[in-house]
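Quick note: the sequence shown, position 48, residue 48 per the working numbering, numbers continuous.
Think of the CB as a built atom: it goes at the ideal place given N, C-alpha and C, for glycine as much as any other residue.
See below for the structure under consideration.
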Amino acid sequence: DAAEDGELSAESFAEALDTAMAVIEQRRTRVPTRHLHRLWHHSNLSHVPRHGKRRAKIKHASQLKLATPSFVLFATNVDLITEPYLRYLENALRVHFPFVGTPLRLYVRQAPLSRSLEAMRVRAGKRVQQKHTKKKQ
């Protein structure tokens, strides 16, 4: 009769409380950066967003210290990373780590250029400037 009245039995209440405590504990789960890198590496190998010759690649990832499990991903060609790909990454996280019943947030940022790439672009820019100054003379 208690179930008909919308009341919880002591057993149902204990079960709900156990589930709530498990969710709270899972929200506090910290994923080591090395595990994230391994997961993203395998995700990049099996499912890479592409457009022509361009492809997105996750260079670095880390978990932010927020109440809701949140992760920042530094990637190349971030314009290629779509909502379906973010859902794919979120599902990969959920398969490997205990985040049942809690939302996950993924933030994507442009990865900084490596020093060698920056140097190449600076040199290329200087060459272009030199060509323009020689033409004017």
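Around the CB of Val95, fewer than 16 other CB atoms lie within 10 Å, so the residue is classed as exposed. If you draw a straight line from the Cα of Ala10 to the Cα of Thr68, it comes to about 30 Å.
Per DSSP, the continuous beta strand (DSSP E) segment holding Phe71 begins and ends at Ser70 to Thr76. Three or more Cβ pairs drawn from the stretch 101-116 and the stretch 61-81 lie within less than 8 Å of each other, which places the two stretches in contact.
Residue pairing by DSSP places Ser62 opposite Val72 in a beta bridge.
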